[in-house]
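Novice:
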Amino acid sequence: MKTRSASYICGGFLLLVLGACAPSTTAKPDGSGARSTDATATGQDARSGEGDRGATQEANTGSSSLKDMQEGKPPITPASSPLKDVMFDFDRYDLSPDARTTLRTNADWLRSNPSARVEIEGHCDERGTNEYNLALGAKRAQAAREFLSSLGISPDRLSTISYGEEIPVCREHDEQCWRQNRRARFVILQGRSTS
Amino acid sequence: MRSRSLVLLIYLLLTITGAAQAAVTGEIVGQGGQRFPIAVSPLKNLGANNADSGRVSTGIADAMVHDLELSGWFRVLDRSAYIENAESGITLGTFDFKDWSTIGAEGLVKGGFSIQGDEISVELRLFDVYQNKERIGKRYTGRVRDFRRIAHKFVDEIINQFTGVPGVFNTRIAYVSNSGGRFKEIFVSHLDGSEKFQVTDNHTINLSPAWSPDGRSVLYSSFKDRSQTLYLFELYSGKEIKFTPKGGGRYLGGKFSPDGQSIVATFETGGNTNLYLLDRSGNVIRQLTNDAGIEVSPAWSPDGKQIVFVSDRSGSPQIYVMDAAGGGARRLTYSGSYNTSPEWSPKGDRIVYTGRVGNRFAIFTISSDGGEPRKLTSESFDSEDPAWSPDGRFIAFSSNRAGKYHLYVMQASGDNQRRLTGSGGDDTKPNWSPRLD
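Quick mapping for you: the protein sequence lines, in order, are chains A and B.
Remember, the numbering used here sits 844 above the position in the first sequence when you count from 1.
Remember, the numbering used here sits 346 above the position in the second sequence when you count from 1.
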């Protein structure tokens, strides 16, 4: 599974920021990859890897949900994104076994792409109060960040933001929809440092 | 950067008759009490004819009818039932009380106006039809376009006459609306939707509007600079202050203290939310809570000595009260697994909040000493975001009972739930201004 997703990413049209699109066999532990330590999202080095086959320098995680909303697009994580959404139960921010599995896969990619910086977005379904949901979304994003960190991903590469219930990916008013909205989403930051 | 501000209203109020004490005071107050039958006659044009005359004549009457019905204390008799002829006057002795007692009116509002340029002069009187007496007489002058405010002011007088406490219709509601689009912006308007003013227009998400106690500023949170923080917008100057959170944290919302000198705000950093006391410029005075869980939605007691807030320290969101200096937190709600967005009544006795009932949300109140909560809205739809009127006799809230979320007002007992807004979008998060001049 790991290899499949890695080769898909590298062989696909999307592309990889950072010239760090190396198969996992050559990937170094977080931050130590010789080729990628000096690579930046926009730097020339980024173009030297396999990733330069793509016209874009972005791994396709989509843009931030706020930007999506401003552009009138649904804040969907593309099916091809190497970083998958992590889902939560109502009013919960603990990580289910499924969530942990997803995060391990996300961690693999982050390990293989050590200069990628990611913003973790916390989202909630529409039920409940806006301010509480903003706090709940912050908890969800932080839970994902801490688990990735426990897998060896430097927290310096991971920033968090909560959109609470404000930017739903699905707008119907039923559980089918709500479940899709209770998530942490992972968006690669372009040329911007995490703060 | 667009400059926007609300125009300050200037008008004059004169008492034109000494109002006798009403014999009816107190009669209509109380839960389940009978509604007082009142007639509101369209106003007479006392000046020269003017293009605005017809609009103003019925407009002032309509605004008064709206407010009287919204209060829940009056039954306004339908205008089509009025039998008085057009020659009747508006002062004692120039009309026949029988024309009004015949149709069942016990109270009667009459008035007249004259327009000169963009100035209007309005006189309004409340009569006691049973006792054939005048109870209130007022003259107002102002700009023609502000005529609805004159109506709201007079209804506040009428309510004072009947209940001993002025009404709350010369006020504004701040709220969040998506206006049918995808952005959430802050608006303020009168309760009848008039004088609607858009506070934000930044095409992002703006939330949690809260009035300053002087009614001149609105505090709100926004994603307009990407990272969520608070902004304090002065309505009449259009000036705005941004609160800059320390250490890359975020402010999710805040509320002014009753004296207007400080703000209690929800601060988030590293996934933890805690409450902080800030000054009016957003500088931290002190941290009030220090908990690893969720601590949000603070609101002040009317004496400024305590703060009610939401914490999930018990494992689910519940309502707590603590000292305004921090510490001494005690849990208030024990029923239900999800209780949020508390607001302390201006009377001090009760706290209103949103509680989850099954898969729905309803408005509850609970004594500020705890005890059994009282459910005010039905769980066959959702009702959220309760906010007290400045006199504590009404609660504004948002509900999806008509499909989209609209703003509603009810009496503090839960009686007389009436819809305020009907925009094409979702209107949420009402916050009621103090009484305005």
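Note that beta-carbon positions come from the ideal geometry of N, C-alpha and C, so glycine has one too.
Keep in mind that this is a model prediction, so the values were computed, not measured.
Counting C-beta neighbours from all protein chains within 10 Å, is the total for A/E1019 16 or more, i.e. buried, or is it exposed?
Specialist: Exposed.
Novice: In the structure shown, what three-state DSSP assignment does B/K775 receive?
Specialist: Here B/K775 sits in strand by DSSP.
Novice: Across which residues does DSSP place A/K928 in a beta bridge pair?
Specialist: BP columns for A/K928 are empty, so no partner.
Novice: From this set, B/I712, B/Y582, B/V468, which residue's C-alpha is nearest B/R495's C-alpha?
Specialist: Out of B/I712, B/Y582, B/V468, B/V468 has the C-alpha closest to the C-alpha of B/R495.
Novice: So which residues of chain B does A/L910 contact, with C-beta pairs closer than 8 Å?
Specialist: Under the 8 Å cutoff, chain B gives T550, I551, F569, R572.
Novice: For A/N1094, return the contacting residues in chain B, with the cut-off set at a CB-CB distance below 7 Å.
Specialist: Because chain A in this structure spans residues 845 to 1039, residue 1094 of chain A falls outside the shown range and cannot be described.
Novice: Consult DSSP for A/E1016 and reduce its assignment to one of helix, strand or coil.
Specialist: DSSP places A/E1016 in coil when its eight states are reduced to three.
Novice: Tell me, please, whether the CB atom of B/I640 is closer than 8 Å to any CB atom in chain A?
Specialist: So yes, B/I640 belongs to the interface.
Novice: Taking buried to mean at least 16 other C-beta atoms within 10 Å of its own C-beta, is A/N957 buried or exposed?
Specialist: Buried, since its Cβ has 16 or more Cβ neighbours within 10 Å.
Novice: By the three-class DSSP mapping on this structure, what secondary structure does A/W1022 have?
Specialist: A/W1022 falls in the helix class under three-state DSSP.
Novice: Apart from the five residues just before and just after B/H498, which ones in its own chain have a Cβ nearer than 7 Å to its Cβ?
Specialist: Hits under 7 Å: A409, D413, F515, N516, H536.
Novice: Taking 8 Å as the threshold (beta carbon to beta carbon), is B/T686 in contact with chain A?
Specialist: For B/T686, the answer is yes, since a Cβ of chain A falls inside 8 Å of its Cβ.
Novice: What does the alpha-carbon distance come out to for the pair B/W734 and B/Y699?
Specialist: Cα to Cα, the separation comes out at about 10 Å.
Novice: Do B/A742 and the ligand FMN come close, with the Cβ less than 7 Å from some heavy atom?
Specialist: Absence of the ligand FMN is noted for the structure shown, with no ligands found whatsoever.
Novice: For the segment 519-537 of chain B against the segment 610-627 of chain B, do three or more pairs of beta-carbon atoms, one drawn from each stretch, fall closer than 8 Å, so that the two count as touching?
Specialist: Contact between the segment 519-537 of chain B and the segment 610-627 of chain B is absent, because fewer than three Cβ pairs lie under 8 Å.
Novice: Does A/D935 have its Cβ less than 8 Å from a Cβ in chain B?
Specialist: A/D935 counts as touching chain B.
Novice: Counting contacts by CB-CB distance shorter than 8 Å, is B/K775 in contact with chain A?
Specialist: So, interface residue.
Novice: Alpha carbon to alpha carbon, how far is A/A1028 from A/C1014?
Specialist: About 14 Å.
Novice: Answer with buried or exposed for B/I429, where buried requires no fewer than 16 other C-beta atoms within 10 angstroms of its C-beta.
Specialist: Classification of B/I429: exposed, given that the 10 Å Cβ count is below 16.
Novice: Considering just the uninterrupted stretch of the beta strand (DSSP E) at B/K456, what are its terminal residues?
Specialist: Residues 453-462.
Novice: In the structure shown, what three-state DSSP assignment does B/E730 receive?
Specialist: Strand.
Novice: Under 8 Å Cβ-Cβ, which residues of chain A neighbour B/R528?
Specialist: Simply M913, G916.
Novice: Return the residues of the segment 712-743 of chain B that lie within a Cβ-Cβ distance of less than 9 Å from chain A, sorted by chain order.
Specialist: Cβ contacts with chain A come from D728, E730, D731.
Novice: Starting from B/E614, find everything on chain A with Cβ-Cβ shorter than 8 Å and list it in chain order.
Specialist: Going along chain A in sequence order, the residues near B/E614 (Cβ under 8 Å) are L978, A979, A982, S1006.
Novice: Find out if the Cβ-Cβ distance for the pair B/R471, B/E480 is shorter than 8 Å.
Specialist: Against a cut-off of 8 Å, the Cβ pair of B/E480 and B/R471 comes out as a contact.
Novice: Inspect the beta-carbon positions of B/F743 and B/D731 and report whether they are closer than 8 Å.
Specialist: Yes, Cβ-Cβ distance for B/F743 and B/D731 is below 8 Å.
Novice: Let me know if B/P719 comes out buried or exposed under the rule of 16 or more other beta-carbons within 10 Å of its beta-carbon.
Specialist: It counts as buried.
Novice: Note the first and the last residue of the continuous alpha helix (DSSP H) segment covering B/I505.
Specialist: Unbroken alpha helix (DSSP H) run through B/I505: 493-509.
Novice: If you follow the alpha helix (DSSP H) that B/H549 is in, where does it begin and where does it stop?
Specialist: Careful: B/H549 lies outside any alpha helix (DSSP H) and carries neither H nor E.
Novice: Exposed or buried, B/Q380, counting other C-beta atoms within 10 Å across all chains shown (16 or more means buried)?
Specialist: So B/Q380 counts as exposed.
Novice: Would you say B/T619 reaches chain A, if we count a Cβ-Cβ gap shorter than 8 Å as a contact?
Specialist: Yes - at least one Cβ of chain A is within 8 Å of the one on B/T619.
Novice: Closer than 8 Å, CB to CB, is B/L472 near chain A or not?
Specialist: So, not an interface residue.
Novice: Using the Cα positions of B/D571 and B/D547, report the straight-line distance between them to the nearest angstrom.
Specialist: Using only the alpha carbons, I get a separation of about 13 Å.
Novice: Going by DSSP in three states, B/V514 sits in which element: helix, strand or coil?
Specialist: Looking at B/V514 - three-state DSSP - the assignment turns out to be coil, as it is neither helix nor strand.
Novice: Output yes if chain B places a C-beta closer than 8 Å to the C-beta of A/A985; else output no.
Specialist: Taking Cβ atoms only, chain B reaches closer than 8 Å to A/A985, which makes this a yes.
Novice: Throw me the rounded Cβ distance for the B/L576 and B/Y597 pair, which I believe falls under 8 Å.
Specialist: That pair is a contact at about 4 Å.
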